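A quick write-up on the structure given underneath.
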Amino acid sequence: MSGDDGSARRRLAALERWFTQAARDLPWRRRRTGYSALVAEAMLQQTQVARVVDRYRVFMRRFPTVKALAEASEDEVLAAWQGLGYYRRARNLHRAARSIVDEHAGRVPRDAATLQTLPGVGRYTAGAIASIAYGRPAPIVDGNVTRVLARWAGREPAAAAETWDAATRLVNLAEHPGVLNEALMELGATVCTPVSPRCEACPVARWCEARAAGTEATIPAPRVRATRTEVHHHCVLVRRASKVSLEQRPDEGLWARMWQPPTVEAASRLTDRVVRSRLALPVTGLRPVGGFVHLTTHRRVCFHVLAGTTRSRRGVWRGPGECDDLAMSNAHRRVLAMGG
DNA sequence: AAACCGGGGTA
DNA sequence: TACCCAGGTTT
Numbered sequence: 442m443s444g445d446d447g448s449a450r451r452r453l454a455a456l457e458r459w460f461t462q463a464a465r466d467l468p469w470r471r472r473r474t475g476y477s478a479l480v481a482e483a484m485l486q487q488t489q490v491a492r493v494v495d496r497y498r499v500f501m502r503r504f505p506t507v508k509a510l511a512e513a514s515e516d517e518v519l520a521a522w523q524g525l526g527y528y529r530r531a532r533n534l535h536r537a538a539r540s541i542v543d544e545h546a547g548r549v550p551r552d553a554a555t556l557q558t559l560p561g562v563g564r565y566t567a568g569a570i571a572s573i574a575y576g577r578p579a580p581i582v583d584g585n586v587t588r589v590l591a592r593w594a595g596r597e598p599a600a601a602a603e604t605w606d607a608a609t610r611l612v613n614l615a616e617h618p619g620v621l622n623e624a625l626m627e628l629g630a631t632v633c634t635p636v637s638p639r640c641e642a643c644p645v646a647r648w649c650e651a652r653a654a655g656t657e658a659t660i661p662a663p664r665v666r667a668t669r670t671e672v673h674h675h676c677v678l679v680r681r682a683s684k685v686s687l688e689q690r691p692d693e694g695l696w697a698r699m700w701q702p703p704t705v706e707a708a709s710r711l712t713d714r715v716v717r718s719r720l721a722l723p724v725t726g727l728r729p730v731g732g733f734v735h736l737t738t739h740r741r742v743c744f745h746v747l748a749g750t751t752r753s754r755r756g757v758w759r760g761p762g763e764c765d766d767l768a769m770s771n772a773h774r775r776v777l778a779m780g781g
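When we follow the numbering used here, the leftmost residue of the first sequence carries the number 442, and every step to the right adds one.
Written out as structure tokens, the structure reads:
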């Protein structure tokens with residue numbers, strides 16, 4: 442072992458010790474299995490811990506085992522994911538469960554390379570499951586790790602490949618790979634935060650180059666975001682008796698395969714009569730009932746909600762409170778609520 | 001390498 | 001308002 446490795450080991454040991462006493466009590470830390478790690482990591486992709494905690498508990502009660510998840514329908518899984526966003530994660534998790542049952546004897550793979558063959562499991566998620574659930578020395582790089590390592594080195598985040606190399610060196614020097622990996626993320630989430638890092642509470646502050654240079658608040662520099670394109674969704678609450686008509690969105694793109702009221706999409710706002718002319722159902726008494734703006738990462742979606750009636754019976758119909766089993770975005774739940 | 005994919009908490 | 005988040009997939 443080189444002297445550098447020796448000091449690196451001491452720093453990592455300090456970080457691991459810190460984690461064992463500072464770790465938040467999170468539901469997926471109570472009982473560690475490959476399946477619980479898979480579900481948690483899928484939910485946590487681009488989503489903050491606080492938003493996942495309750496959803497994880499409900500999801501695990503509904504689908505307690507890989508087998509239970511594999512046997513569910515895609516619509517059931519999407520409905521359980523409702524409101525979490527990035528719905529492709531739910532479809533990938535569902536496909537991964539079926540792959541585990543069909544091709545891996547119902548056992549979650551233990552090595553990162555095999556894990557990465559599962560749908561929705563990339564290098565990060567594979568490394569997280571392999572290290573945290575199974576103790577393997579697999580590296581992970583997420584938003585937290587990138588920021589922590591950049592500040593530790595006192596410079597802007599390196600190219601991805603270099604960050605992965607650094608994470609690989611660290612995890613190979615760790616006493617407990619899973620503990621180190623979680624410690625790096627926990628540090629980024631609770632101490633080495635994007636704004637106002639709490640360096641006084643940091644177990645590795647005395648070795649931090651950004652701290653020494655006083656640059657911890659400016660690393661990393663804010664990213665430039667693409668501007669959101671504006672789109673207009675004209676949603677029509679088509680009533681017959683006390684029910685409304687629902688349709689399924691296309692297989693690809695925003696809210697793929699999720700449910701919505703009959704909708705006419707356009708680049709700009711349409712008049713009511715143009716909306717009516719583009720509906721599949723014959724609608725009478727069409728009138729506007731409101732609107733709102735829904736923001737996603739890449740779009741500014743202007744919802745224009747209209748209501749009308751029809752005598753047609755075609756399509757899928759649901760009464761108030763009969764939509765819980767259908768996968769629907771938060772925005773479309775809001776649209777339905779405008780129907781009174 | 002860059003675009004696309006949600007939604008909400010936070011300052 | 002604009003930032004960020006236990007990223008993955010596709011082009």
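Note that CB positions come from ideal geometry on N, CA and C, so glycine has one too. Predicted model, so just to flag it, every value in this text is computed and none were measured.
> Looking at the structure shown, is Arg496 part of a helix, part of a strand, or coil, going by DSSP?
Replying inline: It is helical.
>> Taking the alpha-carbon of Ala615 as reference, which of Asp445, Met779, Arg452, Gly780 has the nearest alpha-carbon?
In response: Arg452
> Which residues in the same chain have their Cβ closer than 7 Å to the Cβ of Trp589, if we skip the five residues on either side of it in sequence?
Replying inline: Residue 589 is actually Val in this sequence, not Trp. Closer than 7 Å at the Cβ level, and outside the excluded window around Val589, lie Leu625, Leu628, Gly629, Cys633.
>> Does the distance between the C-beta of Pro635 and the nearest non-hydrogen atom of the ligand ZN fall short of 8 Å?
In response: In terms of ligand content, the structure shown is empty, and the ligand ZN therefore cannot be addressed.
> Quick one: what's Thr558 bridged to in DSSP?
Replying inline: The partner list for Thr558 (beta bridge, DSSP) is empty, contrary to what the question assumes.
>> I need the boundaries of the alpha helix (DSSP H) containing Ser718, first residue and last residue.
In response: 713 to 718
> Between which two residues does the beta strand (DSSP E) containing Arg564 stretch?
Replying inline: From DSSP, Arg564 is part of no beta strand (DSSP E) but of the alpha helix (DSSP H) over 564 to 569.
>> By DSSP's criteria, Cys743 is part of a beta bridge. Which residues make up the other side?
In response: His673, Val734
> So, using beta-carbon positions, are Ala651 and Ala591 closer together than 9 Å?
Replying inline: Result yes, Cβ atoms of Ala651 and Ala591 sit closer than 9 Å.
> Do Ala574 and Arg473 have their CB atoms nearer than 9 Å?
Replying inline: yes
>> At the level of alpha carbons, what is the spacing between Cys643 and Ala464?
In response: 13 Å
>> Rounded to the nearest angstrom, what separates Glu641 and Arg470 at their Cα positions?
In response: In a straight line, the C-alpha of Glu641 is about 26 Å away from that of Arg470.
> Expressed to the nearest angstrom, what Euclidean distance is found between the alpha-carbon atoms of Trp593 and Met501?
Replying inline: 36 Å
> Excluding the five sequence neighbours on either side, which residues of its own chain have a C-beta within less than 8 Å of the C-beta of His773, listed in chain order?
Replying inline: Cys676, Trp696, Met699, Trp700, Gln701, Pro702
> By DSSP, does Ser686 sit in helix, in strand, or in coil?
Replying inline: Taken through DSSP and simplified to helix, strand or coil, Ser686 comes out as strand.
> For Leu559 versus Ile541, is the C-beta spacing smaller than 9 Å?
Replying inline: yes
> For the putative contact between Ser686 and Trp758, defined by C-beta atoms under 8 Å, what is the C-beta separation to the nearest angstrom?
Replying inline: 6 Å
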